[in-house]
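Structure first, commentary second.
In our numbering, the protein residues as written are 247 to 520.
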């Protein structure tokens, strides 16, 4: 019996067996798609491999760019601004307690000892951003005579009873931090008392660094599952009106897009089989 005759015989005489085989193949195919489907959301992988420039760009993109940052925001009603001010520290405390959270920026770095130390540590690299004339003036402050003049002036101010010199000696003893921050002086956000608050005070923003192991779609999905669990319980203790917890970032975007892509692929396969 020829192969075509065998197929015709099975289709006409063994319909139950044929339908069972088709259903089994469909189930196995869908299972393989769901379990082993790997969606590559990194556009840099489209570039040719083997080039140092491409590999360097990938390393920069994965290790140095803001790939593991999430931005949380609390949005309240205008009449609940005072309550949001009181609730924000509680929210930050809960956020910092999460196992996937490494660091939260909830205010000016100058408000914490660690922030002051970090600012002092990066002051020297920041000087390289200055214009040549400003850079020369800043470096001239390191001359022994300039240091003596500065210390003498601060001593006179301390003897006069001013508290500012003591703070300045603690934060910026050599006078280099102030000029190093000059490129940021025009930033309107830094001129406000609360740079992470909207002008009408109805929104507070909390940039957060996570410990996500990689930027793959599955790691993004895993992280966002944990974030959504936190989001569901983050508003405990809020006694005001409507309060929204907003989340954005690369991980949130990749997780949503990859899940949507998987759903579309599975739906397409099932519809083609049907």
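Glycine included, C-beta positions come from ideal geometry on N, C-alpha and C.
| Check | Outcome |
| --- | --- |
| Local conformation of residue 319 per DSSP, three classes | strand |
| Contact under 8 Å by Cβ, residue 333 with residue 487 | no |
| Reference residue 447; option with closest CA among 336, 479 and 320 | 320 |
| Distance between beta carbons of residue 458 and residue 501, contact taken as under 8 Å | 11 Å between Cβ atoms; not a contact. |
| Separation of residue 493 from residue 318, as counted between CA atoms | 5 Å |
| For residue 434, three-class secondary structure by DSSP | Note that residue 434 scores 42 on pLDDT, short of 50, meaning its location in the model is unreliable; the coordinates nonetheless yield the value given after this. Three-state DSSP puts residue 434 in a helix. |
| Ordered list of beta strand (DSSP E) runs contained in the region 394-459, each at least 3 residues | 449-456 |
| Three-way DSSP call (helix, strand, coil) for residue 330 in this model | helix |
| Rounded C-alpha distance that separates residue 444 from residue 315 | 20 Å |
| Cβ separation of residue 414 and residue 397, assumed to be a contact under 8 Å, to the nearest whole Å | With 8 Å as the limit, residue 414 and residue 397 do not qualify as a contact, their Cβ atoms being about 11 Å apart. |
| Outcome for residue 450 when other beta-carbon atoms lying within 10 angstroms are tallied against a minimum of 16 | buried |
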